[in-house]
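Residue numbers (my numbering): 1 to 161.
Ideal placement from N, C-alpha and C gives every residue a C-beta, glycine not left out.
Reviewing the structure listed below.
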């Protein structure tokens, strides 16, 4: 079991966070943004940043080369729909994408928006981790969480409407 600290400060113990989220065992703040037969998208549960979406496979796999042909098509289609929604609904111009096979849980892609407040941490990939930690430690107030929840609703409505 792994102990995970959520953005709201609560901790959960799970074997695999992605499995717990995609199966509905844990409900992400704001609910599911969009779901397909093979993938589940939700606001990142650890960092309160508007539009920071995790796209996770429902099947417990770790690598791109484990995706079936159907899953590959579904993945790229849903990824591009979410990205379009980030731009159209939230005005997000730049996104960092992270996919990691050196993980204790399963296949997922982080879609990390780039906001002006992040500039103080730099402009490279190395700047993302400090920005994420800043969000968790300094932006977990009621006002920002309300904005994150509003963004989840806007994305969800756009993608499912």
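If you draw a straight line from the alpha carbon of residue i to that of residue j, how long is it in whole angstroms?
i: residue 23; j: residue 3; result: 18 angstroms
i: residue 11; j: residue 122; result: 30 angstroms
i: residue 106; j: residue 81; result: 22 angstroms
i: residue 38; j: residue 74; result: 7 angstroms
i: residue 68; j: residue 41; result: 19 angstroms
i: residue 34; j: residue 120; result: 32 angstroms
i: residue 159; j: residue 13; result: 31 angstroms
i: residue 36; j: residue 112; result: 21 angstroms
i: residue 76; j: residue 157; result: 20 angstroms
i: residue 70; j: residue 21; result: 22 angstroms
i: residue 116; j: residue 72; result: 33 angstroms
If you check the beta carbons only, do residue i and residue j fall under 8 angstroms apart?
i: residue 148; j: residue 28; result: no
i: residue 51; j: residue 132; result: no
i: residue 162; j: residue 89; result: For the chain, the structure presents residues 1 to 161; residue 162 sits outside this window and is missing.
i: residue 44; j: residue 110; result: yes
i: residue 56; j: residue 108; result: yes
i: residue 101; j: residue 62; result: yes
i: residue 92; j: residue 86; result: yes
i: residue 30; j: residue 153; result: yes
i: residue 127; j: residue 118; result: yes
What residue does the alpha helix (DSSP H) around residue i start on, and which one ends it?
i: residue 145; result: 142-160
Over what stretch of residues does the beta strand (DSSP E) that includes residue i continue unbroken?
i: residue 41; result: 39-43
i: residue 55; result: 53-57
i: residue 15; result: Element bounds for residue 15: n/a, residue is neither H nor E.
Indicate the three-state DSSP secondary structure (helix, strand or coil) for residue i in the structure shown.
i: residue 50; result: coil
i: residue 71; result: helix
i: residue 36; result: coil
i: residue 62; result: coil
i: residue 26; result: coil
i: residue 4; result: strand
Between residue i and chain C, is any beta-carbon pair separated by less than 8 angstroms?
i: residue 120; result: No chain C is part of this structure, which consists of one protein chain only.
Beta strand (DSSP E) runs contained entirely in the segment 94-133, provided each spans 3 or more residues: Listed in chain order, the complete beta strand (DSSP E) runs (minimum 3 residues) inside the segment 94-133 are 95-99 and 108-113.
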